[in-house]
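Participant:
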Amino acid sequence: HQAAYFRRFVSYLPQRLNFGNVTVGEVARGMYGEDVNSGCKYSVDTVLDCLHRLGVEADSLDKPFASLDKGEAQRAAMALSLMFKRPVVLLDNPTSAQDDDGRRLVAALLASERFDDVSVVVATNDEEIIAVCNKKILI
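Counting along the sequence shown from 1, when you hit position 22 you're at 22 in our numbering, and nothing is skipped either side.
1) Using alpha carbons as the reference points, say which of 117, 29, 90 and 108 lies closest to residue 124.
2) Count the other C-beta atoms from every protein chain shown that fall within 10 angstroms of the C-beta of residue 65, then say buried if there are 16 or more, exposed otherwise.
3) Quick check on the DSSP output: the beta strand (DSSP E) that includes residue 119 runs from which residue to which?
4) How far does the beta strand (DSSP E) with residue 110 in it extend, from its first residue to its last?
5) Nearest-angstrom Cα distance between residue 145 and residue 115?
6) Opposite residue 54 in the DSSP bridges: which residues?
7) What number of angstroms, rounded off, separates the C-alpha of residue 102 from the C-alpha of residue 77?
8) From what residue to what residue does the beta strand (DSSP E) around residue 88 run?
9) Excluding five sequence neighbours on each side, which residues of the same chain lie with their C-beta closer than 7 Å to the C-beta of residue 14?
10) Can you tell which of 67, 133 and 108 has its C-alpha closest to the C-alpha of residue 55?
11) Can you tell me whether residue 11 is helix, strand or coil according to DSSP?
12) Determine the burial state of residue 119: buried for a count of at least 16 other Cβ atoms within 10 Å of its Cβ, exposed for fewer.
13) Looking only at its chain, what residues have a beta carbon closer than 8 Å to the beta carbon of residue 129, apart from the 5 residues adjacent to it on each side?
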């Protein structure tokens, strides 16, 4: 019960993902079906908006994660993890699979007003991501 309680407040993007042949849309619909998200109604428009913010094409909804390049799959997973606007977001190396354009998209999203009232904890060595953080703890 404690994990479910905390999941109401925290979004998490792990560094390594393995959704295999499950489509982006199936993962999105599944996330809406989880008990912790029971108060949220599935909206394809919300999903598409989240994907669009990270440069993921709308047609990826019908594609298996395994068919996307690693950078696009990572951005799609990040978009899905942010759909529910939790007050705390944990990101583990969110740009590890990104090219320069992907890193810029992720940094721009993190710097956007979408995160004004969100505490974001990022594990990264990406200077572009570090630059948009207002507080830094170097370990």
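Just so you know, even glycine gets a beta-carbon here, dropped at the ideal spot from N, CA and C.
Please read these numbers as outputs of a predicted model, since none were measured by experiment.
Facilitator: Taking the definition as stated:
1) Looking up residue 124 in the sequence shown gives position 124. Minimum Cα distance to residue 124 is reached at 90.
2) Counting from one through the sequence shown, the residue named residue 65 turns up at place 65. Looking at its Cβ environment, which holds 16 or more other Cβ atoms inside 10 Å, residue 65 is buried.
3) Taking the first residue of the sequence shown as 1, we reach residue 119 at position 119. Annotation: the continuous beta strand (DSSP E) that includes residue 119 extends over 119-123.
4) Here the question's residue 110 lines up with position 110 in the sequence shown. Per DSSP, residue 110 belongs to no beta strand (DSSP E); it is in the alpha helix (DSSP H), 100-111.
5) Not covered by the structure: residue 145. The range shown for the chain is 1 to 139.
6) The count along the sequence shown starts at 1 and reaches residue 54 at position 54. Residue pairing by DSSP places residue 54 opposite no residue, since no beta bridge is assigned to it.
7) In the sequence shown, counting from the first residue as 1, residue 102 sits at position 102. In the sequence shown, counting from the first residue as 1, residue 77 sits at position 77. Cα to Cα, the separation comes out at about 13 Å.
8) Locating residue 88 in the sequence shown gives position 88, counting from the first residue. Boundaries of the beta strand (DSSP E) around residue 88: 88-92.
9) Translated into positions along the sequence shown, residue 14 becomes position 14. Only 92 meet the Cβ criterion.
10) By 1-based counting over the sequence shown, the position of residue 55 is 55. The candidate whose alpha carbon is nearest that of residue 55 is 108.
11) Translated into positions along the sequence shown, residue 11 becomes position 11. For residue 11, the secondary structure class from DSSP, reduced to helix, strand or coil, is strand.
12) As a position in the sequence shown, residue 119 is number 119, starting the count at 1. Under this definition residue 119 is an exposed residue.
13) For the purposes of this step, residue 129 is taken as residue 129 along the sequence shown, with counting starting at 1. Taken in chain order, the residues that qualify are 94, 95, 103, 106, 107, 110 and 122.
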